[in-house]
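K.L.:
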Amino acid sequence: MTVAGLPELPLTALGRRFPGATRGLAALRARRLGERHPVLVDGCGAVLLLVLTSGVHARMMPGLWELPLQAALVLPLALRRRHPAGVFAVVAVVAFVQWVISWWADSHVLPADIAALIALYTVAAHRSFRWTLAAYGTLEVGVLLCVLRWRPEYPIASPFEAVLKTVFFLSGVTTAAVVLGRNVRARQAKLAALQQRARDLERRRDQQSALAVAEERSRIAREMHDIVTHNLSVMVALADGAVYANEHAPEKATAAMRQSAETGRQALTDMRRFLGVLRADEPDALRHPQPGLGQLPALTAQVRAAGLPTELALTGDHAHVSPGAQLTVYRLVQESLTNTIKHTAPGARATVTVVCGPGSVAVEVCDDGRALPRPAEGLLGTGHGLAGMRDRAAAYGAELSAGPLPQGGWRVAATLDLALPDLAEEKPS
């Protein structure tokens with residue numbers, strides 16, 4: 002395997018170039034092997050320890066009858082990481098049996114008794130503090146029993162001093178095993194906490210990515226709805242007008258069809274413009290500004306051509322209004338006029354009022370038309386447009402007001418707060 006196209010160095014060459022690399026890799030592999038196969042690794046270690054202690058015992062005290070005791074002390078260590086407390090209990094029982102037998106068999110301390118320290122270390126490293134304290138107390142009792150059975154002798158010290166020094170030495174070794182085991186347990190707990198934190202951060206990152214994707218999908222859905230619904234509604238109205246005019250005024254039918262074609266081309270242009278934002282490789286020459294307050298006169302003219310008389314009142318200086326806020330106002334007006342075209346009877350009129358203040362933009366769209374009955378299947382809409390308008394207005398701290406007027410007709414109004422961060426501002430296209 003290569004990294005960034007570089008050839009992989011053989012292990013020998015890597016070791017010559019970086020002397021510590023080979024040792025580090027070997028230690029890492031050994032650690033991973035121990036984590037994956039603890040019984041196998043500990044079993045091999047127990048067999049090796051049995052061989053070593055048996056060899057030492059054979060040189061010190063020739064004889065074979067104590068070998069079973071040594072095997073009973075050492076071999077359970079193969080399961081020390083799977084069952085730390087159980088292995089310690091077995092080793093402690095075997096050590097006590099050895100202590101009992103020594104009173105009539107004149108046995109000595111066995112080299113394999115070091116298994117008790119290993120078992121104590123394992124309990125401290127892999128079990129709770131209560132288990133560690135119980136094992137430590139058990140082994141301290143064993144230290145006292147050993148000193149009582151095999152009294153040490155020092156040429157320059159009294160018997161009491163010899164016993165005291167031996168107790169302190171063995172207790173120190175026992176305490177060192179406990180301290181070492183607890184330190185290993187603390188390191189393992191810290192490593193586990195870091196790994197859990199990394200998993201939590203990764204999960205949180207995935208959740209944030211999912212939320213960002215959902216938000217982007219919602220934004221795209223709103224834009225697609227506004228572009229497609231408005232232009233298709235205008236085209237349908239123009240086509241219906243052309244069919245009617247074809248029988249009475251053919252020249253008006255031709256004009257209506259031309260306007261319908263122009264509306265379709267405008268829809269395609271808006272679609273390409275919007276999709277161009279989503280493609281990073283789109284040439285800059287094909288990108289154009291998003292619609293804003295400056296395009297409202299053209300929008301109302303398009304609606305008038307579709308058969309809905311519309312008046313526009315745009316007051317105030319909109320130079321300080323951000324592109325995102327301008328786009329929001331444009332979409333609110335566009336969707337409101339689209340709903341008027343779709344849901345009102347012929348003869349309706351609409352008025353659009355936009356007031357740009359120093360810190361806000363107020364928009365109001367009213368019509369005086371009578372609402373058409375909605376089809377049972379909801380072919381004229383599902384209410385997603387109104388929900389999209391509410392979302393757009395909420396991005397600027399505005400609460401969209403939409404409802405019927407007392408004298409008839411429909412009113413949509415909202416006041417955008419320009420002091421809020423421009424959350425709705427989209428990338429320039």
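For the sequence shown, the numbering used here begins at 2 and goes up steadily by one.
We put the beta carbon where it would ideally sit given N, CA and C, even for glycine.
Could you tell me whether the Cβ atoms of Pro77 and Arg128 are closer together than 8 Å?
P.N.:
Result no, Cβ atoms of Pro77 and Arg128 do not sit closer than 8 Å.
K.L.:
Whose CA, out of Thr264, Glu248 and Ala243, lies closest to the CA of Thr255?
P.N.:
Out of Thr264, Glu248 and Ala243, Ala243 has the C-alpha closest to the C-alpha of Thr255.
K.L.:
Taking its Cβ as the centre, do 16 or more other Cβ atoms sit within 10 Å of Asp43, making it buried, or is it exposed?
P.N.:
The residue is buried, with at least 16 neighbouring Cβ atoms inside 10 Å.
K.L.:
Look at the Cβ atom of Arg82, then the Cβ atom of Pro112, and state whether they are nearer than 8 Å.
P.N.:
Not closer than 8 Å, so no.
K.L.:
Tell me Leu315's beta-bridge partners as DSSP assigns them.
P.N.:
For Leu315, which the question treats as bridged, DSSP gives the partners Val355.
K.L.:
Over the uninterrupted alpha helix (DSSP H) stretch that includes Ala403, give me the two end residues.
P.N.:
Run containing Ala403: none in the alpha helix (DSSP H); it sits in the beta strand (DSSP E), Ser402 to Pro405.
K.L.:
Just the C-alpha distance for Leu15 and Leu212, rounded to the nearest angstrom, thanks.
P.N.:
For Leu15, the predicted structure reports a pLDDT of 45, less than 50, and the residue's modelled location is therefore unreliable. The matter cannot be settled from this model.
K.L.:
Hey, Asp368 and Gly308: beta-carbon distance below 8 Å or not?
P.N.:
It is not a contact, given that the beta carbons lie outside the stated cut-off.
K.L.:
For the ligand PLP, is there a heavy atom less than 7 Å away from the beta-carbon of Ala79?
P.N.:
The ligand PLP is not among the ligands present in this structure, which contains no ligands whatsoever.
K.L.:
Can you list, in chain order, the residues of its chain with a C-beta nearer than 7 Å to that of Ser337? Leave out the 5 residues immediately preceding and following it.
P.N.:
For Ser337, where only same-chain residues beyond five positions count, the Cβ hits under 7 Å are Val366 and Val413.
K.L.:
Taking 7 Å as the limit between beta carbons, can you name the residues of its chain near Gln303, skipping five residues before and five after?
P.N.:
So the list reads Val235 and Thr264, once near-sequence residues are dropped.
K.L.:
Between the C-alpha atoms of Arg37 and Ala47, what's the straight-line distance to the nearest angstrom?
P.N.:
Looking at the two C-alpha atoms, the distance is approximately 18 Å.
K.L.:
Exposed or buried, Leu149, counting other C-beta atoms within 10 Å across all chains shown (16 or more means buried)?
P.N.:
When all chains shown are included, Leu149 counts as exposed.
K.L.:
Between Val355, Thr230 and Asn184, which lies nearest to Gln267 when the distance is taken from Cα to Cα?
P.N.:
For Gln267, the nearest C-alpha among the options comes from Thr230.
K.L.:
Does any CB atom of chain C fall closer than 8 Å to the CB of Arg220?
P.N.:
The structure shown contains no chain C; it is built from a single protein chain.
K.L.:
Please state the DSSP three-state secondary structure of Glu336.
P.N.:
Glu336: helix per DSSP, three-state reduction.
K.L.:
Could you spell out where the beta strand (DSSP E) holding Ala125 opens and where it closes?
P.N.:
Careful: Ala125 lies outside any beta strand (DSSP E), inside the alpha helix (DSSP H) at Ile115 to His127.
K.L.:
Which class does Trp411 belong to by DSSP, given the choice of helix, strand or coil?
P.N.:
It is a strand residue.
K.L.:
I'd like the ranges of any alpha helix (DSSP H) spanning at least 4 consecutive residues and lying wholly in the segment 166–217.
P.N.:
The qualifying runs do not exist here; there are none.
K.L.:
Within the chosen definition, does the segment 289–300 reach the segment 319–334 through at least 3 CB pairs nearer than 8 Å?
P.N.:
Yes, they touch.
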